[in-house]
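Residue numbers (the numbering used here): 366 to 862. To keep things clear, I will list the structure first and then write my remarks on it.
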């Protein structure tokens with residue numbers, strides 16, 4: 366007979382959403398057990414692989430100083446942080462998801478964004494300005510753009526280390542190498558989980574269960590089934606353990622699927638990156654400065670508007686476009702005019718890069734690219750740039766192209782200043798958008814949209830927030846907000862029974 370264990374609240378997963386749920390459940394006086402399939406050295410799920418950016422509402426620098434008390438007077442005086450209002454946040458989510466996002470969930474996340482990060486800060490998470498990610502120097506000031514100004518110190522690894530330590534201090538038990546494989550139910554109520562530890566199975570009884578074990582992005586079969594043909598070829602940016610178990614277990618007991626099941630967050634990722642994420646590199650394989658240059662496929666042609674919007678509003682869907690190019694790859698091309706502005710990930714050792722002193726030499730070095738068509742593409746692009754408009758990378762400057770398809774809407778510069786640099790990319794999938802339907806208490810709903818007693822969810826496996834695209838930094842914010850709500854709700858329910 367399987368061994369049995371008990372806890373008031375069991376949390377499946379150990380990333381940002383899961384650990385936020387565990388801490389919030391402990392605040393309700395519940396005993397909490399966290400089950401993590403990965404071994405301890407790979408703990409943290411996809412959160413561990415992120416850059417640590419979070420998107421929050423702030424009405425000015427005073428709000429930021431509450432969250433980042435170490436912000437110096439000099440930093441405040443030399444930086445234009447701007448503001449990012451509730452309406453700004455809601456408009457961005459509505460726009461990039463083509464007005465499909467569940468407005469109740471979106472507003473709940475938005476209205477709790479700053480308060481939840483302050484709550485995490487109270488547990489030892491330190492936030493700092495995202496200078497290396499979302500700011501350019503304009504005149505004598507650093508200027509933030511796109512409403513994304515805050516970063517967890519140490520990125521994803523720093524966030525997970527801080528939350529894990531906080532959970533342990535709070536008395537949360539974390540079991541590594543423990544895979545949840547089935548939800549236990551009695552009379553329609555979730556009463557625990559069946560887990561696999563090595564060759565053995567165990568039963569873990571609980572007053573409530575929080576599912577926070579990620580989407581199905583690491584499962585090539587599920588990617589192909591739901592996202593479509595070719596998605597088995599995508600690289601996985603993060604953990605190999607997000608196999609969709611939490612979603613599958615909930616659907617098996619009658620939970621309602623919800624959201625954009627054929628959609629995902631997918632970006633430009635180094636062409637020679639490994640199949641799954643590498644913790645020693647983290648998110649360094651991403652290549653997100655494409656608005657400053659052009660992207661060409663193996664036929665030597667451009668295929669997207671690189672300057673359609675700020676990076677953090679387009680990067681989550683441009684990986685899709687790369688995956689559907691011949692050979693599932695592309696090259697990002699820049700000249701010396703903009704290479705000093707490239708993000709830090711372009712300077713890592715593990716990069717697929719070529720450099721040349723002329724466009725003809727560059728064309729010779731672009732592996733698997735049609736040389737003559739590439740040169741025609743670049744010359745046509747150069748002739749089309751509106752040089753009468755001033756280039757400004759910190760705003761949507763309107764410096765676009767005329768007479769070519771696809772056009773480039775902003776930040777267009779002729780590629781005419783050597784040396785030239787090019788970076789080979791493929792598609793890297795971050796997380797899937799389809800998942801479970803929840804209510805504003807983070808309760809999982811059944812096929813009749815009624816709460817399943819004892820079952821809660823947070824993080825990537827919640828459906829309904831993101832469709833087609835998402836605003837950068839919203840994933841960690843969503844995980845923290847709904848993790849805290851799920852933990853509070855489950856903790857109250859478990860201790861009330």
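The beta carbon of each residue, even a glycine, is placed where N, CA and C say it ideally should be. Predicted model only: the values in this text are computed from it and were never measured.
When rounded, the separation of the alpha-carbon atoms in residue 486 and residue 432 is 7 Å. Put simply, of 758, 467, 659 the residue whose alpha carbon is nearest the alpha carbon of residue 683 is 659. When rounded, the separation of the alpha-carbon atoms in residue 641 and residue 667 is 28 Å. When the beta-carbon positions are compared, residue 477 and residue 827 stay at least 9 Å from each other. Here the C-alpha atom of residue 393 lies approximately 17 Å from the C-alpha atom of residue 382.
Straight-line measurement puts the Cα of residue 414 at about 25 Å from the Cα of residue 787.
Within the same chain, and ignoring the five residues on either side of residue 624 in sequence, the residues whose Cβ sits closer than 6 Å to its Cβ are 798, 799, 800, 828, 829. Taking 9 Å as the cut-off, the beta carbon of residue 757 is found no closer than this to the beta carbon of residue 765. Sorting 671, 547, 402 by C-alpha distance to the C-alpha of residue 619 places 547 at the top. In this structure, the alpha-carbon of residue 608 lies about 7 Å from that of residue 580. Contact between the segment 417-424 and the segment 447-458 is established, with three or more Cβ pairs separated by less than 8 Å.
Contact annotation: residue 718 and residue 789 have beta-carbon atoms nearer than 9 Å. If only complete runs of 3 or more residues are kept, the segment 456-528 shows the beta strand (DSSP E) at 492-494, 500-503, 506-509, 515-517, in order along the chain. The DSSP-derived three-state label of residue 600 is strand. Taking 4 residues as the minimum length, the alpha helix (DSSP H) runs contained wholly in the segment 607-694 are 610-617, 676-688, in order along the chain.
Here the segment 547-562 makes no contact with the segment 506-520; the two share fewer than three CB pairs at distances below 8 Å.
By the criterion of a C-beta distance shorter than 8 Å, residue 689 is surrounded in its chain by 595, once the five residues flanking it on both sides are discounted. With fewer than three CB-CB distances shorter than 8 Å, the segment 661-680 does not count as touching the segment 807-824. By the Cβ test, the segment 400-417 is not in contact with the segment 462-470, since fewer than three Cβ pairs between them sit closer than 8 Å.
In the DSSP annotation of this structure, the continuous segment of the alpha helix (DSSP H) that includes residue 857 starts and ends at 839-861. Under the three-state reduction of DSSP, residue 405 is assigned to helix.
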